[in-house]
Amino acid sequence: MEVICYPHPTLRYPAKPIQRVDKELREVIAEMFRLMYEHKGVGLAANQVGVPLRLFVMNESGKLGQGKELVFINPVVTKPRGNEEMEEGCLSLPGVNANVVRPKTIFFNAYSHTGEEVKGDVTGYMARIIQHEVDHLDGVLFVDRLSPSVRNSIDSDMYTLELDHQSKQKTGLLKSDEELLNESKVWQEKYC
Ligand SMILES: [Zn+2]
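Following this line, the structure appears as structure tokens:
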């Protein structure tokens, strides 16, 4: 498994709710944590590793052995309150950072990989990460939430990523968008 980058089509394909968790899916979760730490991230959604299921992992500290590892299965965000601007980046958009305005406080509920319900009001950084990751599961990237002027300022970075994707497909390093999407749908047949 590896972290896939914009404009990989699986990032734009909405993830589906998970009906069951088995050993293979727990191994996917472990691999997601490993990749998240390797790339120095604080959260990683399953569709960022080509698995279009409603699942993400996070650790606010971003460091193995520190902070708390959290697994969110079928997360739902409600009751957004307040507004806050904060700089965001994304492991699927390497080199792209920009300020994003989002609700400051939210309520969430989800299930852990052991089947326990987790829920609560969260604010600040944790609320930010949860919203960013749930966006991924809906096929939304943080760059979709930028004002037009800020979006313009990162246009060339986005274009560079698009050219890289196309050149990898031309040289056979990456399959076509259609093949990539079909490959990811196998996960939904199995767990949805
Ligand atoms: Zn992201």
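Going by my numbering, the sequence shown opens with residue 7, and the numbers climb by one from there.
Glycine residues also receive a C-beta, built at the ideal position from the N, C-alpha and C atoms.
(1) Would you call the region 89–98 in contact with the region 71–78, where contact means no fewer than 3 C-beta pairs closer than 8 Å?
(2) What does DSSP give as the partner residues of Ile49 in its beta bridges?
(3) Go through its chain and collect everything with a Cβ distance to Leu6's Cβ below 6 Å, but skip five positions before and after it.
(4) Taking a contact to mean a Cβ-Cβ separation below 9 Å, would you say Gly68 touches Val48 in this structure?
(5) Can you tell me whether Arg134 is buried or exposed, with buried defined as 16 or more other CB within 10 angstroms of its CB?
(6) When every heavy atom of ligand 1 is checked, does at least one fall within less than 8 Å of the C-beta of Ala116?
(7) Just to confirm the assignment: which complete beta strand (DSSP E) runs, minimum length 3, are found wholly within the region 60–122?
(8) Is Cys96 close to ligand 1? I mean its beta-carbon at under 8 Å from any heavy atom of the ligand.
(9) Measuring CA to CA, which of Val156, Asp150, Val192 and Asn158 is closest to Pro13?
(10) Taking only three categories from DSSP, how would you classify Val149?
(11) Applying the criterion that 16 or more other CB atoms from any shown protein chain within 10 Å of the CB defines a buried residue, is Ser182 buried or exposed?
(12) On the three-state DSSP scale, how would you describe Asp127?
(13) I'd like the span of the alpha helix (DSSP H) that includes Ser182, first residue to last.
(14) Just to confirm my understanding: we take Tyr201, look at its own chain, exclude 5 residues before and 5 after, and list those with CB closer than 7 Å. What are they?
(15) How about Val156 and Asn115: are their beta carbons less than 9 Å apart?
(16) Is Gly56 close to ligand 1? I mean its beta-carbon at under 8 Å from any heavy atom of the ligand.
(17) Straight-line CA distance for Pro109 to Gly88?
(18) With Ala21 as the anchor, note down where its alpha helix (DSSP H) starts and where it stops.
(19) Would you mind working out which of Glu33, Phe113 and Leu17 sits nearest Val128, comparing C-alpha positions?
Quick answer:
(1) no
(2) By one-based count along the sequence shown, residue 49 stands at place 43. Checking the sequence shown, residue 49 turns out to be Gly, not Ile. Answer by DSSP bridge pairing, in chain order: Met64.
(3) This structure leaves residue 6 out entirely; the chain is present only between 7 and 198.
(4) Sequence index remark: in the sequence shown, residue 68 carries index 62 (1-based). Sequence index remark: in the sequence shown, residue 48 carries index 42 (1-based). Yes, they are a contact pair.
(5) Position 128 of the sequence shown, counted from the first residue, corresponds to residue 134. Classification of Arg134: buried, given that the 10 Å Cβ count is 16 or more.
(6) In the sequence shown, the residue the question calls residue 116 occupies position 110. For Ala116, the CB stays at least 8 Å from every heavy atom of ligand 1.
(7) 61–64, 76–87, 90–94, 104–108 and 111–117
(8) Working through the sequence shown from its first residue, we reach residue 96 at position 90. Yes, the Cβ of Cys96 comes within 8 Å of a heavy atom of ligand 1.
(9) For this step, residue 13 is matched to residue 7 along the sequence shown. Here the closest residue by C-alpha is Asp150.
(10) Residue numbering aside, residue 149 sits at position 143 when the sequence shown is read from its first letter. Looking at Val149 - three-state DSSP - the assignment turns out to be helix.
(11) Locating residue 182 in the sequence shown gives position 176, counting from the first residue. By the 10 Å Cβ count, Ser182 comes out exposed.
(12) Position 121 of the sequence shown holds residue 127. The answer is strand: DSSP assigns Asp127 an E or B state.
(13) As a working mapping, residue 182 is identified with position 176 in the sequence shown. Taken as a continuous stretch (DSSP letters only), Ser182 belongs to no alpha helix (DSSP H), as it is neither H nor E.
(14) There is simply no residue 201 to check, as the chain begins at 7 and stops at 198 in what is shown.
(15) The residue you call residue 156 lines up with position 150 of the sequence shown. The residue you call residue 115 lines up with position 109 of the sequence shown. The answer is no: Cβ separation not under 9 Å.
(16) Counting from 1 along the sequence shown, the entry for residue 56 is found at position 50. For ligand 1, not one heavy atom lies less than 8 Å from the Cβ of Gly56.
(17) The residue given as residue 109 occupies position 103 in the sequence shown. The residue given as residue 88 occupies position 82 in the sequence shown. So the alpha carbons of these two residues sit roughly 5 Å apart.
(18) Locating residue 21 in the sequence shown gives position 15, where the first residue counts as 1. Careful: Ala21 lies outside any alpha helix (DSSP H) and carries neither H nor E.
(19) Residue 128 sits at position 122 when you count from the first residue of the sequence shown. Of Glu33, Phe113 and Leu17, the residue nearest in Cα terms is Phe113.
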